[in-house]
Amino acid sequence: MKLLIIFIYLITTNFGYAFEKPDIKNLVLIKNPKLYENVIFMDINQKKVDLDDFKGKLILLNFWATWCAPCKEEMPSLDSLQSNSNFSNLKIFPINIGQEDVSKSEFFFKELNIQNLDIYIDAPITLAKKFSLRGVPTTILFNKQGKEFARIMGSIDFSNEEFINWLKNYN
1226 MKLLIIFIYL ITTNFGYAFE KPDIKNLVLI KNPKLYENVI FMDINQKKVD
1276 LDDFKGKLIL LNFWATWCAP CKEEMPSLDS LQSNSNFSNL KIFPINIGQE
1326 DVSKSEFFFK ELNIQNLDIY IDAPITLAKK FSLRGVPTTI LFNKQGKEFA
1376 RIMGSIDFSN EEFINWLKNY N
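The C-terminal position of the sequence shown is numbered 1396 in this note's numbering, with every residue numbered one higher than the one before it.
Laid out in structure tokens, this is it:
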């Protein structure tokens, strides 16, 4: 009986901590996850990408620009996160809001040896306005229902073990 009580205690306390916010200062959790309509952006071939087509996946929209030093710093860890074996259901969309020629984005990725991510563009800056971005980098996290549940304002190390363990709960 004592073992059963200890077992139940351990499960309930561990479960309670599972969704606790990691100690990352610029990670903001959304109390009431928000659904957005018409989240559409472009790939580098000018083909439209609609976020609704990816419901059922954990989605990260990462807004960045080639001239942004913190973006350059975090992009390799974001690339690594996309290939992390813990996340078979994760799709990361790095969206350049810099209104630059695509070749600058391609050079940026090549210079940083980005292997697992594709380049996307918010050409008319509609998403930057829709999500009320205050700067770059900004990463918006969407759950499998397509609702924003968290936002990272500024750069982080996406290979941070505490962050990865927390994110696994949404995969």
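All residues carry an ideal CB built from backbone N, CA and C; glycine is no exception. Fair warning: this is a prediction, and the values are worked out from it, not measured in the lab.
Specify the secondary structure class of Lys-1355 as computed by DSSP and reduced to three states. Counted from its first residue, the sequence shown places residue 1355 at position 130. Helix, per DSSP.
Contiguous alpha helix (DSSP H) assignments of at least 4 residues, all confined to the stretch 1306-1340: Segments of the alpha helix (DSSP H) lying fully in the stretch 1306-1340: 1327-1336.
Hey, is the stretch 1318-1333 in contact with the stretch 1376-1394, meaning 3+ C-beta pairs nearer than 8 Å? Output reads no: the stretch 1376-1394 does not touch the stretch 1318-1333.
Buried or exposed: Gly-1360, going by 16 or more other Cβ atoms within 10 Å of its Cβ? For the purposes of this step, residue 1360 is taken as residue 135 along the sequence shown, with counting starting at 1. That one is exposed.
Report all residues from its chain with a CB closer than 7 Å to the CB of Asp-1277; omit the five preceding and five following residues, and keep chain order. The sequence position of residue 1277 within the sequence shown is 52, counting from 1. For Asp-1277, where only same-chain residues beyond five positions count, the Cβ hits under 7 Å are Gly-1371.
Can you give me the C-alpha to C-alpha distance between Tyr-1261 and Gln-1307, rounded to a whole angstrom? By 1-based counting over the sequence shown, the position of residue 1261 is 36. By 1-based counting over the sequence shown, the position of residue 1307 is 82. Answer to the nearest angstrom: the Cα atoms are 23 Å apart.
When Phe-1333, Ile-1365 and Lys-1259 are compared against Lys-1316, the one with the closest alpha-carbon: Position 91 of the sequence shown, counted from the start, is the residue given in the question as residue 1316. Checked all of Phe-1333, Ile-1365 and Lys-1259; the closest Cα to Lys-1316 is Ile-1365.
In the DSSP output, what is Leu-1286 paired with across the bridge? Counting from one through the sequence shown, the residue named residue 1286 turns up at place 61. Phe-1318 and Ile-1365.
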